[in-house]
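Numbering (UniProt numbering), first residue to last: 1 to 404. We put the beta carbon where it would ideally sit given N, CA and C, even for glycine. Below you'll find the structure, written out as structure tokens, and then a few comments.
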């Protein structure tokens, strides 16, 4: 498979990080690819990593809980297709800190940049990317986590076509037994499932599967599938493609949304339109796409079943033939030994009790809990990192901090 081209520009930018008693240079040039990320060199390992800034942590109670949830999720995940947290910089003052800096693996691009670029995307690329999305999502869902903001920009990609899901700022734990209400103001509009557009207060991991379907369609057609001006237009575009849903398929909708659809002129499905996305929209591709873009979340395909779909088979074979970290090639250079479980799950579901305890925390409690969590979390290194304000490049670094 042809490697993807590097889509980044470089920025000359460096800073110093302190390692307790001594300061070592950390290079902040190259790959200025996100407003809240900078490419750096970890002085402890010499490896290139990404420094992510989480700003305005204590702007309000909701943002504080969201950030705490995100760093806990990042710290608990170890999976090839999920962006991992390598370290978190310890805030210098436990009472005054306002932002958090997380060190993650360094990626080179994302699916959004690739989709809108002139970079050629073959059917092999699409199958490989889709397989990795589903593989990472299976691990995520097995830990009782719903991402709630899957979109091309949150799928990071390297030039060797390795894909990692990132940005867990809207993620939260989910349990089928939990009847507490959930916000429907999640997921970027273009990738938002119909139950969310219809005001559902209880929903499941099926919202992520809808988003995967939208990303899949975008990979095929190189354009956003449902690009509307507002949520109501978004819902109407979905109905134009899928047809008017039955009453039984709107059981999670609020009364207002249900009445709006019932009063509208009934529409028939127009799923044949999916074949016009691109020549790559084969019968197998459209069959999977239809199962992902199912109006009723209870009938929408699960991540496990999607991984078993025949369209994904070639992506799995290619990924595990030479790209994955779970399989290995023998010394003879020809024999490939495959892992017993090619799509692993999280060993322990995310602690739901912790999520409930979080709802009772004050801002003061959260500041203290976050600081303690960062201090106590296991690290690969005994020497922690922190930003050195005496660095020659600190002025440029501070400008980046202010602008983000």
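Based on DSSP bridge pairs, tell me the residues matched to residue i.
{"i": "residue 109", "result": "157"}
{"i": "residue 310", "result": "Bridge partners of residue 310: none, in fact."}
{"i": "residue 330", "result": "Looking at the DSSP assignment, residue 330 forms no beta bridge with any residue, so it has no partner."}
{"i": "residue 173", "result": "145"}
{"i": "residue 104", "result": "50 and 85"}
{"i": "residue 336", "result": "329"}
Closer than 6 angstroms by C-beta to residue i: which residues in its own chain qualify, once you throw out the five before and the five after it? Chain order, please.
{"i": "residue 24", "result": "For residue 24, the predicted model reports a pLDDT of 33, less than 50, meaning its position is unreliable; a value from the coordinates is still stated below. Once the five neighbours on either side are set aside, the close Cβ partners of residue 24 are 43."}
{"i": "residue 401", "result": "none"}
{"i": "residue 70", "result": "168 and 169"}
{"i": "residue 268", "result": "243"}
{"i": "residue 387", "result": "none"}
{"i": "residue 328", "result": "337"}
{"i": "residue 272", "result": "none"}
{"i": "residue 318", "result": "128"}
{"i": "residue 358", "result": "65"}
{"i": "residue 206", "result": "297 and 300"}
{"i": "residue 291", "result": "301"}
{"i": "residue 220", "result": "277, 278, 280 and 281"}
{"i": "residue 374", "result": "88 and 90"}
{"i": "residue 97", "result": "91"}
{"i": "residue 37", "result": "50 and 52"}
{"i": "residue 403", "result": "none"}
{"i": "residue 143", "result": "346, 349 and 350"}
The alpha helix (DSSP H) spanning residue i covers which residue range?
{"i": "residue 325", "result": "That residue, residue 325, is in no alpha helix (DSSP H); it is neither H nor E in DSSP."}
{"i": "residue 374", "result": "363–376"}
{"i": "residue 68", "result": "61–76"}
{"i": "residue 99", "result": "That residue, residue 99, is in no alpha helix (DSSP H); it is neither H nor E in DSSP."}
{"i": "residue 80", "result": "It is not in any alpha helix (DSSP H) - residue 80 carries neither H nor E in the DSSP assignment."}
{"i": "residue 287", "result": "283–292"}
{"i": "residue 408", "result": "Given a span of 1 to 404 for the chain in the structure shown, any question on residue 408 remains unanswerable."}
Cα-Cα, which of the options is closest to residue i?
{"i": "residue 293", "options": "90, 104 and 226", "result": "226"}
{"i": "residue 236", "options": "211, 195 and 213", "result": "195"}
{"i": "residue 136", "options": "310, 362, 208 and 256", "result": "208"}
{"i": "residue 385", "options": "80, 205 and 101", "result": "101"}
{"i": "residue 285", "options": "112, 218 and 99", "result": "218"}
{"i": "residue 230", "options": "255, 188 and 220", "result": "188"}
{"i": "residue 288", "options": "134, 371 and 116", "result": "134"}
{"i": "residue 426", "options": "224, 197, 193 and 200", "result": "No information on residue 426 is available, as it lies outside the stretch 1 to 404 that the chain covers here."}
{"i": "residue 347", "options": "56, 76 and 198", "result": "76"}
{"i": "residue 145", "options": "308, 374, 351 and 368", "result": "351"}
{"i": "residue 228", "options": "239, 281 and 395", "result": "239"}
{"i": "residue 164", "options": "151, 349, 139 and 132", "result": "132"}
{"i": "residue 78", "options": "138, 46, 68 and 57", "result": "138"}
{"i": "residue 106", "options": "258, 222, 119 and 156", "result": "156"}
{"i": "residue 224", "options": "326, 48, 339 and 116", "result": "116"}
{"i": "residue 310", "options": "323, 152 and 283", "result": "283"}
{"i": "residue 334", "options": "322, 326, 88 and 160", "result": "322"}
{"i": "residue 202", "options": "241, 253 and 215", "result": "253"}
{"i": "residue 295", "options": "216, 149, 241 and 312", "result": "241"}
{"i": "residue 81", "options": "56, 256, 140 and 54", "result": "140"}
{"i": "residue 274", "options": "214, 59, 123 and 174", "result": "214"}
{"i": "residue 63", "options": "378, 372 and 366", "result": "366"}
{"i": "residue 126", "options": "119, 50, 85 and 216", "result": "216"}
{"i": "residue 339", "options": "47, 142, 222 and 320", "result": "320"}
{"i": "residue 54", "options": "345, 121, 67 and 118", "result": "67"}
{"i": "residue 233", "options": "255, 222 and 260", "result": "260"}
{"i": "residue 265", "options": "245, 256 and 255", "result": "245"}
{"i": "residue 190", "options": "150, 172, 174 and 379", "result": "150"}
What residue range does the beta strand (DSSP E) around residue i cover?
{"i": "residue 345", "result": "Per DSSP, residue 345 belongs to no beta strand (DSSP E) and is neither H nor E."}
{"i": "residue 53", "result": "48–54"}
{"i": "residue 87", "result": "85–88"}
{"i": "residue 40", "result": "37–41"}
For residue i, collect the residues of the same chain with a Cβ closer than 8 angstroms to its Cβ; drop the 5 residues on either side in sequence, then sort them by chain order.
{"i": "residue 399", "result": "none"}
{"i": "residue 21", "result": "Because the pLDDT at residue 21 is just 34, under 50, the model does not fix this residue reliably, and the point stays unresolved."}
{"i": "residue 258", "result": "198, 247 and 250"}
{"i": "residue 395", "result": "none"}
{"i": "residue 306", "result": "134, 209, 212, 288, 291, 292 and 312"}
Using a Cβ-Cβ cutoff of less than 7 angstroms, which residues in the same chain neighbour residue i once the five nearest sequence positions on both sides are dropped?
{"i": "residue 330", "result": "337"}
{"i": "residue 247", "result": "none"}
{"i": "residue 356", "result": "none"}
{"i": "residue 418", "result": "The question about residue 418 has no answer, for the chain in this structure spans 1 to 404."}
{"i": "residue 405", "result": "Given a span of 1 to 404 for the chain in the structure shown, any question on residue 405 remains unanswerable."}
{"i": "residue 389", "result": "none"}
{"i": "residue 303", "result": "134, 137, 138, 141 and 209"}
{"i": "residue 162", "result": "323"}
Complete runs of the alpha helix (DSSP H) confined to the region 221–270 [at least 4 residues]
231–242 and 255–263
Give, in chain order, every unbroken run of the beta strand (DSSP E) that is at least 3 residues long and sits entirely within the region 113–167.
155–157 and 163–165
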